[in-house]
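> In numbering that gives the first Met the number 0, the protein residues as written are 0 to 95.
I'd like to ask you about the structure that follows.
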Amino acid sequence: MSTGIEAPMEALIDERALSKLKWRCRRGLLENDLFIERFFVRHEATLTESQALGLTLLMDLADNDLMDLFLARKEPEGELDRPEVRAVLKLLRVPK
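What follows is the structure, given as structure tokens:
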């Protein structure tokens with residue numbers, strides 16, 4: 000049953016932004032690349048602007064810090080403790 004008040008759908012990123020994001024997400028640690036590759040396989044067709052922002056913020060981390068977040072050894076802190084980052088981590092942490 001609809002309430003008549005619908006939440007606005009968030010905009011998806013365009014093809015060019017997706018291409019740039021994929022390039023930005025290339026990592027030096029194979030394990031991180033595997034997490035990120037699986038994320039794009041599952042979500043690239045429905046990737047929103049806020050998810051892209053969350054992923055971009057994560058890419059500023061060193062590889063080992065990023066791996067700790069992917070494996071849930073740590074949680075986002077400071078400037079990374081944002082809804083966009085937490086939402087992307089939730090998607091990235093889903094097992095195969």
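Here a beta-carbon is modelled for each residue, glycine too, at the ideal position from N, C-alpha and C.
For clarity, every value in this text was computed on a predicted model and none was experimentally measured.
If Leu79 sits next to Leu56, beta carbons under 8 Å apart, how far is it from one beta carbon to the other, in whole angstroms?
Confirmed, Cβ separation roughly 6 Å.
> Taking 9 Å as the threshold (C-beta atoms), are Leu17 and Ala61 in contact?
No, they are not a contact pair.
> Go ahead and pull the three-state DSSP assignment for Leu46.
If DSSP states are grouped into helix, strand and coil, Leu46 belongs with coil.
> If you measure between the beta carbons of Glu36 and Ile12, is that distance less than 9 Å?
Their beta carbons are not under 9 Å apart, which means Glu36 does not touch Ile12 by this criterion.
> Can you have a look at Val93 and say buried or exposed, based on whether 16 or more other CB atoms are within 10 angstroms of its CB?
That one is exposed.
> Taking the runs of the alpha helix (DSSP H) that are 4 residues or longer, which of them lie wholly in the region 19-89?
Qualifying alpha helix (DSSP H) stretches, in chain order: 29-42, 48-57, 62-69.
> Which residues in the same chain as Phe38 place their Cβ atom closer than 7 Å to its Cβ, once the five residues preceding and following it in sequence are excluded?
Only Leu90, Leu91 meet the Cβ criterion.
> Give the C-beta separation of Leu97 and Leu20 to the nearest angstrom, bearing in mind that I take them to be a contact with Cβ-Cβ under 8 Å.
One cannot answer for residue 97 here, as it falls past the ends of the chain, which runs 0 to 95.
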